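Here the structure is laid out as structure tokens; the discussion comes afterwards.
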Amino acid sequence: MKKITLIYFSPTKTTETVLRAITQGLAQNLEISDSEITAINFTPPKIRDTVLAPFDGNDIVLLGAPVYAGRLPADAADFFKKLTAVNTPAILTVVYGNRAYDDALLELKDVASSCGFIPVSGAAFIGEHSFASTEIPVAMNRPDENDLKQAADFGAETGNMLKKTNDLKKISALKVPGNFPYKEGMGKGAPDFIEVTDSCTNCGICATACPSNAIDAERGFATIAEDCILCCACIKACPEEARLMKDGSIKDKARWLNETCSTPKSVQIFFATEP
Ligand SMILES: Cc1cc2nc3c(=O)[nH]c(=O)nc-3n(C[C@H](O)[C@H](O)[C@H](O)COP(=O)(O)O)c2cc1C
Ligand code: SF4
Ligand code: SF4
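Residue numbering for the sequence shown is -4 to 270, as defined by the working numbering.
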């Protein structure tokens, strides 16, 4: 019996939602029960200290991350690089905010291959942009119902492919868009772009949601700019809507994205061989 493991970084949960839909289609196709499915969400920093046992031919692994500046988020790439696998098929997913995914899926494929995974399929899905708000609704509410149906179908088609493939080593290399050398990615550090209003009740939910330990509870839950990765998880998680994006370069970028990337993009999927 095969086991499925989902391994993902997902501050605002769109990547998680897509991976779960892919898993549903895959598990149904391969008749794998829920008890054989494990999700490893390494968004919380403390999870990234975990050293996972090597994966083998009984595993199917889904790797997922959002696109940050056309690349994998640095923390996600660093965690993926620590994985090891022998003869393990990997299903690769990046989720982007309707601008472009540039080199992120290629980077994920390269990282997965260097860990010993055999990339069998890959996809780029669209998720609500981290910078989106009701005022500036970039790719708002993606993935939508149609995206999630495509995610489940992608999982099922990958299942068909795996059923037909006797020897994973003989399948052709997965080809995905992207260039090497990759685009320059982003490190840590953000402008002072979040205001905490008087509605804050000191509940601490934002600090728990932060994947970068970049919120200082001792200073009124202010953002520690040098540690912030701009993910906006804290803004979206605040139950009081007490964290607001200030006027400035990030809000201007959100407005620019909303104007220039308003036409909804379609999901793209790739297979190593015909499913
Ligand atoms: C710092 C940062 C950079 C981003 N760069 C891109 C990008 O290059 N292209 C794009 O289309 N979306 C970009 N996005 C949007 C995210 O990829 C998108 O919102 C994704 O759905 C977030 O995934 P999550 O919900 O799993 O956190 C960026 C978001 C952040 C926070
Ligand atoms: S989640 Fe919102 S209300 Fe809670 S501490 Fe953070 S800013 Fe304050
Ligand atoms: S403080 Fe920065 S890194 Fe932390 S959740 Fe907020 S935007 Fe993301």
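Every residue gets a Cβ at the ideal spot worked out from N, C-alpha and C, and that includes glycine. Small disclaimer: the values here were computed from a predicted structure and weren't measured.
- In the DSSP annotation of this structure, the continuous segment of the beta strand (DSSP E) that includes ARG238 starts and ends at 238 to 240.
- Ligand 2 has a heavy atom closer than 7 Å to the beta-carbon of ALA232.
- Annotation: the continuous beta strand (DSSP E) that includes VAL89 extends over 83 to 91.
- Not a single heavy atom of ligand 1 lies less than 7 Å from the C-beta of TYR177.
- Beta-carbon to beta-carbon, MET240 and PHE188 are separated by about 6 Å, close enough to satisfy the 8 Å threshold.
- In terms of side-chain proximity, the C-beta atom of LEU87 is found no nearer than 7 Å to any non-hydrogen atom of ligand 3.
- With a threshold of 16 other beta carbon atoms within 10 Å, GLN145 meets it and is buried.
- With respect to the C-alpha of THR203, the residue from THR7, LYS246 and LEU1 having the closest C-alpha is THR7.
- For LEU47, no alpha helix (DSSP H) encloses it, and the DSSP letter there is neither H nor E.
- Closer than 7 Å to some heavy atom of ligand 2: that describes the Cβ of ILE200.
- Taking the CA atoms as reference points, THR218 sits about 22 Å from VAL62.
- Distances from the CB of VAL81 to the heavy atoms of ligand 1 are all 7 Å or more.
- In terms of CA proximity to ASN174, ALA99 leads the group ALA99, GLU269, LEU163 and ASP148.
- In the same chain as ASN253, and ignoring 5 residues on each side of it, the C-beta atoms closer than 6 Å to its own belong to ILE131 and VAL133, in chain order.
- Per DSSP, the unbroken beta strand (DSSP E) holding LYS(-2) starts and ends at -2 to 3.
- The Cβ-Cβ distance between GLY150 and LEU21 falls below 8 Å.
- Ranked by Cα distance from ASN24, the first of GLU123, ASP70 and ASP148 is ASP148.
- Contact between ILE224 and LYS183 holds, since their C-beta atoms are separated by about 6 Å, short of 8 Å.
- Ligand 1 approaches CYS226 closely enough that one of its heavy atoms is under 7 Å from the residue's Cβ.
- Taken in chain order, the complete alpha helix (DSSP H) segments of 4 residues or longer contained in the segment 198 to 230 are 200 to 204.
- Taking C-beta separations shorter than 8 Å and ignoring five residues to either side along the sequence, the partners of PRO186 in its chain run ALA220, GLY243, SER244 and ILE245, following chain order.
- Note on LYS170: under 16 other CB atoms within 10 angstroms of its CB, so exposed under the neighbour-count rule.
- HIS124 and GLU26 have their C-alpha atoms spaced approximately 34 Å apart.
- For ligand 1, a non-hydrogen atom lies closer than 7 Å to the CB of ALA64.
- If you draw a straight line from the Cα of ALA85 to the Cα of PHE216, it comes to about 39 Å.
- Where GLU11 is concerned, the enclosing alpha helix (DSSP H) starts and stops at 9 to 25.
- Listed as beta-bridge partners of ASP54 by DSSP are LYS(-2).
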